[in-house]
Amino acid sequence: MTICFLATEGLVPWLAKLAQNYRVFAPRREGKAIIFRPWKEGDKAPVPLKATVAPKGVMFPACETLVSYKTTKDPQQLDKVSLTLKAPVKAEPTVLFGCRSCDARGFVALDKAYLGGKFKDPYYEARRNATLIITHTCDNPTPTCFCTWVNGGPASPEGSDVLMTAVQGGYVLEGISQKGNDLLAGSGLPDGSDKLNEARALRTEAAKRVTPRKDLSKAAERLKARFTDMDFWIAQTAKCLSCGACTFMCPTCQCFNITDEGDPASEQGGQRLRSWDYCMSPMFTREASGHNPRMVKAARMRNRVSHKYWYSTEYSPDGRFSCTGCGRCIAQCPVSLDIREIVVKAIEE
Amino acid sequence: MNELNPLLPEVATVVEIVQETHNIKTFRVKLDDEERMKAFHFEPGQVGQLSLFGVGESTFVINSPPTRMDYLQFSVMKAGEVTSALHKLNVGDKIGVRAPLGNFFPYAKWKGKDIFFIGGGIGMAPIRTIMLYLLDNKKDYGTISLLYGAKTPEDLSYKDDIKEWLADPNLNAVLTIDNPAEGWTVDDTHKVGLIPNVLKELAPRPDNCIAVLCGPPIMIKFTLMALKDMNFPDEQIFTTLEKRMKCGVGLCGRCNIGGKLVCVDGPVFSYDQLRELPPEL
Amino acid sequence: MRIGVFICHCGSNIAGTVDCAQVAKNATAFPDVAFATDTMYACSEPGQDAIVAAVKEHHLDGVVVASCTPRMHEPTFRRTVERAGLNRYMFEMANIREHVSWIGKDKEANTNKATELVRMAVEKLRRDAPLYTKKFDSVKKVLVIGGGVAGIQAALDCADAGIQVVMVERETSIGGKMAKLDKTFPTVDCSSCILGPKMVDVAQHPNIKLLAASEVTNVSGYVGNFTVSIKRRATYVDWSKCTGCGLCTEKCPSKKTPDKFNEFMGPTTAINIPFPQAIPKKAAINPDYCRKIKDGKCGVCAKVCPTGAINYEMQDEVITEQVGAIVAASGYDLMDWTVYGEYGAGRYPDVITSLQYERLLSAAGPTGGHIQRPSDGKEPKSVVFIQCVGSRDRSIGRPYCSGFCCMYTAKQAVLTKDHIPDSQSYVFYMDIRAPGKMYDEFTRRAMEEYGTEYIRGRVSCIQPNGRGQYLVRGVDTLMGKPVEVLADLVVLAVGVEGAKGAGKLAETLHISYDHYGFFMESHCKLRPVETNTAGVFLAGACQGAKDIPSSVAQGSGAAAKVIGLLSKPQLESDPQISVVDIKRCVGCGKCVDVCPFQAITKQSIRGEVKAQVIEAVCQGCGLCVATCPQGAIQLSHFTDNQILAEVNALCQC
Amino acid sequence: MSVLTGKELRIVGFLCNWCSYGGADTAGVARATQPTDLRIIRVPCSGRVNPLFPLKALLSGADGVLVSGCHPRDCHYSAGNFYARRRLELLKEFLPIIGINPDRFEYTWVSASEGQRWQQVVTAFTDRIHKLGPAPRFKDAEPIYDLPGALTSLVRPLDCGGNPALDELKQQIRDALADGHLHCVVGWQQGYDPIHATPLHMRKPEDVDRLIWGPFNIHSTANMITQLIKEAQDAAMVGVKRGDPIPPAKKVGVVVKGCDSKGLVELLQEKLIDRNAVEIFAMGCNGTVSTDRILAKIGNTAARVSAVSGKGDTLTVTADGTEYTMSMNDIAQDKCRACKMPSAKVYDHFAGEPVTVAEDAVPEPAAIMAYLDSLTLDQRMGFWKGQMERCIRCHACRNACPMCVCREVCVADSREPHWVTQDDTVTNKFFFQLIHALHLAGRCTGCGECNRACPVGIPVGALKMQTGRIVQRLFDGYQPGTDADAIPPFLGYEVEEKNIPEHHIERA
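Chain order of the listed sequences is A, B, C and D. The letter at position 230 of the first sequence is residue 230 when you use the working numbering, and the numbering goes up by one with no holes. The letter at position 234 of the second sequence is residue 1234 when you use the working numbering, and the numbering goes up by one with no holes. The letter at position 45 of the third sequence is residue 2045 when you use the working numbering, and the numbering goes up by one with no holes. The letter at position 263 of the fourth sequence is residue 3263 when you use the working numbering, and the numbering goes up by one with no holes.
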């Protein structure tokens, strides 16, 4: 394991160096929000806080082209039309800088969904392989954070290539994966092993500040038992607005829509787009016939909660939740709906 | 399927269109890449995604059997945006195909058994593929029967096939329509009545018999009840599920029933499998 | 889809400034276009046949024609594609003549513009769906608005064809302007002698219901099924009892009532019958001058009336009629000539209008047919006629020619000489416009036989000379020198405009009108009696200045259109109407609130409220579509996606 | 298609078939030479022209858009142009807030006979657009990411102390619930910490114990109402067979602040809810807070708040063991600073005394509006570009809006009509916000829920405030949600619009 020390004033030059070879995404403040944006030389140091929106968009953009399509007419024979399809599966070398452990762990959950099944998602895979994740371990868990409840923690290394912990005068960088170690080894940064203990102490301190842990080990079993308890779900969901804030903020929500936009016969052709979709929308499962297996929002909430704490445990070989406890869905919910409360109630009541 | 990119369709050409009923058309398509068409392999019950670029994609069962590979056949009932647009296609038009997708009927396990097919309306499409496949391999199976029902005689698809089926000595085919209609003479093979009722009349024996039923949800519901009344065990009843699908390859997350994804874990389920799933159809 | 595109040259009308072949070539690149060509005259028989042939040969399922305005030939080409076996709504037009070739000469820009308009039409057509008309019954009754000679002709022709007619006349008698005329040109025969019998026919025709002293206040509905509200003004005389004996008018003490029929050339009584040949010949009280109604003191007429027809308590009444068609024949009025300060702006009593002069000439007029100056009753010996007062004068915003003034002025000059053989008439004119049959000959007679002195030039001013005469100053532009004429009487040929209140009537009828109150015909040459509102037709001078023969001809023309329309057993509805997508409708009812025709109602489908369009009532304005926030109601053929496609065809940055 | 480079600009016209299209024909017949830039889209009536069409054109590259219809009173369809006049005037006055020069959009009336005038209109408008030059493109604007932090002054003193009438309110609700005629009552309870409240659905009398009232009751209860009424109706239908008479549904109770009640009134105005379907419990509001402002005062967004107490204008927050005191002046929500209706005027129960504001009190313009007004057109375009870049299209703004009743049939998700695509270009994302704003024109009660709900803090409410300003000016101070009998301005018209002048392009 390579351990380096990066002085506070060395951060921006180091990022500038990275930016020469990678697209660098880092959090910056925009209005009240903190957003991951491409970082360029000349930009300020990234904000050392949890971003408002999880950085999953770096691997799984809010909207991307799956297939470009275009038809071409034979000028000699106008009704002879050929169809050309292009699938731009490509990824630039990328560094995701300054996400939290909960964000990095989100990619592990997404890996299960996109790379763990019968078919792999080549778009995600390409970007995942091309991306190096430098995680800024968490030093200020918020009241909505609950990473420790879902087997994570403010400094969980899962999903990260490099862990970075703020210490006196700078940062300790620890290589976690081969990719991460290689990056640090070639970085020319001084050794930081001597600061590792300080970093560890700070992390332990941070972990203590996470909202006291509740035992969710029975979640899958209890949710299964609750499935038909509609009164429970209606009561828990009453205040939900059915918007997509929770799912779009979420580091693990994987669902997407596919739509064709643009006319194949037009000069510029069209694109088959993949865009984020949200299971709280009544449109999500509505069929052409009008039939909708999840017509009421209670059924949709049941699906969302069950997916995260029950279904995912079935399809993940390691039985993990599809939730990293980042708490964004609580903090950013317009009605402050608390998913922790639902799961705990489902278990306890 | 494109091995590298399961979301990238292959270009295909519509070679023939059959108007089955007022709202069902059958499309016969060929992949443009002849090599790939030759190498195309699928199992009965598997589905394909047809793309009409600029409109979208939709899932249909491949209802020609794997034993007859001149073309891939899909039957499309007009319902939403994609199916309506498909209905406007002409022979020679280009579409996209992603196939085969999903699981298939476990016909290997059915060897030596009697098979009773029950198809309602557009649900005849998945039945057609497995039934023709089994008929092409008749020696491996016992009695093969078909009960195919529709609202009116005009709503019966595959009219050319039906003539052959009624004449086929290897198949006991019975047709039914919901209400009496002019020109529909009731006899041993032509009935009037809802599928569950006619089924009870035909009274297939449950022992050593596999029941395969496909059709609209309401028909499935009552036919299942009828089969249970006739003591068909859960594991001998098979059906196919339909859900709103987008990716068809287990990624987009909307066709789940509990932890199962209909697009990759289905569409074929036995009734005992279904009972294990959360009740969210 | 397989679309065929046809670019019309329209001879050189389009091809002169648009490269039609290039436009056709450009069109081949557009989506779904399977065939594109240019054609000399798309609307001609070979042109249409070529379209039919191309549809069949190339298996087209939609056609775009780029030619003139769709307001002209859209119906033509719809029939063409129907002949080719397509639904007639699988057709779009691009207007590359009125909107392109005729308004600019830059061939490059025009060609580019035409290409884009074709592109828009193609994009719209790609989103068209076949539409099917529905049949509906029509009311076999026509409303004729205005009882002048044009309206009378239209009413009689319709009535003779067996159609019920409701004739609405604002005044208490029909007859219109023609009834006020003494003689008519060029034959100088008596106006009331030729009009009178027709007026009587109206009164007596079993198929005509005459509503005088009435005005149309509201029209709703649509072709074949209009509902018309008619306000019948209180005349204070029960016409069912009035015999028209005239006793009341003899005894009426209020003898200073202005006489509208006589163009205010003399007073009349508060209760009167406007003229002897009035139809209906019934008395009516002018409430502004009736002493009983104003002050409650009098009641003479009630006392003398032998049938007890007088009713001072009478109220206005509103009548509702159902009709299938409407003929507007509201006629003309003279413009307000007092804007001419140089002619005295109305201050000089002996400067009068030509229509007032007609009343002086008329034996039934206030002077009994003797020409007397309004100021002193003397017979004028020198009469000056001034032409084009309020016609062809841009300086007061009246650029158009009133058409018939040249002729009646000649007539009046002739009649002046007949009445006062020792008189001399002068006519100041700009040009003499006498294009009708026997017209020019007539003006020649006025000059040559009757010695009328025609002076080509405008009058710059009229000044009283202080001795009871007027000094008329002008320029003789032929001689190139100033002219002065001393006149006893000056007659102004005042320009005409749409009748007072024509604008309001047009709004009631939902038809267009111009600045001058003239109604807009559907096509200036080919559809002169139709309007753009189906079922509403025009007759007479309400459409533009017309003399009697033209008004009569147009009255018959309008009648022919009405007869043609109402003789069909059923009418076909325009299927370009609104359609509700009940899956998207949330039942908020905003469409119901804004629909100008009450064509949308709420229905309950499985307990949920949804909007429903009443197909026969919807007129296809699309207001509901622009109102529905979720786009659940769409206007067939003008859907949001179609208009968006047109926008997108133009704007893609 | 592209414009003829150097010669032409992109000008789109929407002309009604009966008058203006005919007028353009008449001009053509008269060979009235005109500039070639204009492309005409024929529509049946100017009333068909949804203002979103011109807006879409302007956002997609049009340099100018002209709408022309029949003269007022002369509409082929009687009244289409009366509605159009209001809507198009709204659009014209709306454009500056998004950085589009309103001169680029014009509407006028040309009759079929006015060929000459049409020539003048086209010539003058084309000339005007050429003088303005090619329109700045939204996608090319220089983005501005900052937001103004200024606070406006309070229109009345705010108070974060308890309301003594709360017990009275609770008793009213308990009694009503005990009576059994209510499906449920919506109010507020404490959320996951003392500075976060969350909606409370009271179904049993004992649920009422959790009801709170005070500065944290930020959510609009009006938002929930249409769905709850539907829920109550569905509940009544349970067990009812087809053909049976439909039993009456239970009422839905709702606890309201003054601003919430405006939402209800607007819903009543639009006949979206039935007055008999709701039971309104009201109490005077002394102002609510912005949790962001509280956290900013504490100086740590991760602060753990253990207690709050309010007294008069001062709020004391205990966070991470430290007490922070703050004034309502510094932490109140923007809408409360300008609120002139703290008490509901339409209610069934009112607890305590209504809170009032002086009739003549004049609120300061919202800080965001003052800020936008201070920017140039280009900067405003850049501002929206910068803000909208971070929009993730979660539609919380829409779902939190009490007036957005389209829900699952919202045009954001529809392809028929296809107003917005799934493409996440900034322009496309912004267009949805513009649709939302224009759909709310004359309806938005200013509850500010769209702003508050936005997880990434985009001030989308400013777009609606712009429509609010226009509506107030055009319709004599009209305030949506204050009169249940008033017709919303864009669903009505006056034959003579006293505040909408006729636009004479040809004389420009």
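Beta carbons: idealized from backbone N, C-alpha and C, even for Gly. Predicted, not measured: the structure shown is a model, and the values here were computed from it.
Rounded C-alpha distance that separates Ala-104 (chain A) from Ile-133 (chain A): Take the alpha-carbon of Ala-104 (chain A) and the one of Ile-133 (chain A): they are about 7 Å apart.
Boundaries of the alpha helix (DSSP H) in which Tyr-2454 (chain C) is found, first to last residue: Run containing Tyr-2454 (chain C): none in the alpha helix (DSSP H); it sits in the beta strand (DSSP E), 2453 to 2456.
Cutoff 8 Å: Ala-16 (chain A) Cβ touching any chain B Cβ: no
Whole-number beta carbon distance between Ser-1157 (chain B) and Thr-1021 (chain B), since they are thought to touch under 8 Å: 6 Å
Proximal chain A residues relative to Cys-1252 (chain B), where beta-carbon distance stays under 9 Å: Gln-254, Cys-255, Phe-256, Asn-257, Ile-258, Arg-274, Asp-277
N-terminal and C-terminal residue of the alpha helix (DSSP H) that Pro-3054 (chain D) is part of: 3052 to 3059
Inter-residue spacing [alpha-carbon to alpha-carbon] between Leu-3166 (chain D) and Pro-2629 (chain C): A direct Cα-to-Cα measurement between Leu-3166 (chain D) and Pro-2629 (chain C) gives close to 39 Å.
The segment 1260 to 1272 of chain B / the segment 1090 to 1108 of chain B touching (three or more Cβ pairs under 8 Å): yes
Residue of D:Ala-3370, D:Phe-3094, D:Asn-3217, D:Thr-3445 minimising C-alpha distance to Phe-3105 (chain D): Put simply, of D:Ala-3370, D:Phe-3094, D:Asn-3217, D:Thr-3445 the residue whose alpha carbon is nearest the alpha carbon of Phe-3105 (chain D) is D:Phe-3094.
Where Met-3001 (chain D) sits in the DSSP three-state scheme: Any reading at Met-3001 (chain D) needs caution, since the residue's pLDDT is 45, under 50, leaving its predicted position unreliable; the model's value is listed next. Judged by DSSP in its simplified three-state form, Met-3001 (chain D) adopts coil rather than helix or strand.
Presumed contact (8 Å Cβ cut-off) between Asp-2581 (chain C) and Gln-2634 (chain C), rounded CB distance: 7 Å
8 Å Cβ cutoff, Leu-189 (chain A) in contact with chain C: no
Inter-residue spacing [alpha-carbon to alpha-carbon] between Glu-2116 (chain C) and Asp-3025 (chain D): Glu-2116 (chain C) and Asp-3025 (chain D): Cα-Cα distance of roughly 18 Å.
Under 9 Å by beta carbon: chain A residues contacting Pro-1267 (chain B): Simply none; closest approach about 14 Å.
Three CB pairs or more closer than 8 Å across the segment 3419 to 3427 of chain D and the segment 3164 to 3180 of chain D: no
Beta-carbon proximity of Phe-25 (chain A) to Trp-39 (chain A), cut-off 8 Å: Taking 8 Å as the Cβ cut-off, Phe-25 (chain A) and Trp-39 (chain A) qualify as a contacting pair.
Nearest-angstrom Cα separation, counted from Asp-3292 (chain D) out to Met-3001 (chain D): Its pLDDT being 45, under 50, Met-3001 (chain D) is placed unreliably in this model, and the coordinates cannot settle the point.
Distance between beta carbons of Asp-1178 (chain B) and Lys-1151 (chain B), contact taken as under 8 Å: 5 Å
Any C-beta of chain D under 8 Å from that of Ile-230 (chain A): A small correction: the amino acid at residue 230 (chain A) is Met; Ile does not occupy that position in the sequence shown. So no, Met-230 (chain A) is outside the interface.
Test: Met-2265 (chain C) CB closer than 8 Å to a CB of chain D: no
Distance between Thr-285 (chain A) and Gly-244 (chain A) (C-alpha atoms, nearest Å): 15 Å
Interface residues of chain D facing Gln-2554 (chain C) [CB-CB closer than 8 Å]: Within chain D, no residue comes near Gln-2554 (chain C); the closest Cβ sits about 18 Å away, beyond 8 Å.
Residue ranges of each alpha helix (DSSP H) within the segment 3159 to 3192 of chain D, 4 or longer: 3166 to 3179
Integer-rounded CB distance, given that Pro-3455 (chain D) should sit under 8 Å from Thr-52 (chain A): 6 Å
Exposure of Ser-322 (chain A), with buried meaning 16 or more beta-carbon neighbours within 10 Å: buried
Amino acids of chain D, ordered along the chain, whose beta-carbon sits closer than 9 Å to that of Leu-2117 (chain C): Arg-3039, Ile-3040
Cutoff 6 Å; reference Ser-2425 (chain C); Cβ partners in own chain excluding five residues on either side: Val-2383, Ala-2413, Thr-2416, Thr-2452
For Pro-3096 (chain D) and Leu-3132 (chain D), the rounded distance between their alpha carbons: Looking at the two C-alpha atoms, the distance is approximately 15 Å.
Closest residue to Ile-2600 (chain C) among C:Gly-2620, C:Gly-2607, C:Met-2335, C:Arg-2584 (Cα-Cα distance): C:Gly-2620
Inter-residue spacing [alpha-carbon to alpha-carbon] between Asp-3485 (chain D) and Ala-3453 (chain D): 30 Å
Contact set between the segment 96 to 126 of chain A and chain D, restricted to residues whose Cβ is under 9 Å from the partner: none
Supposed close pair Arg-100 (chain A), Lys-50 (chain A) - CB separation, criterion 8 Å: 5 Å
Residues of its chain near Cys-2388 (chain C), where Cβ-Cβ distance is below 6 Å and the 5 sequence neighbours each way are ignored: Met-2430
Assumed close pair Ala-113 (chain A), Gln-254 (chain A) - CB separation to whole angstroms, cut-off 8 Å: 4 Å
Any C-beta of chain D under 8 Å from that of Asp-263 (chain A): Not an interface residue.
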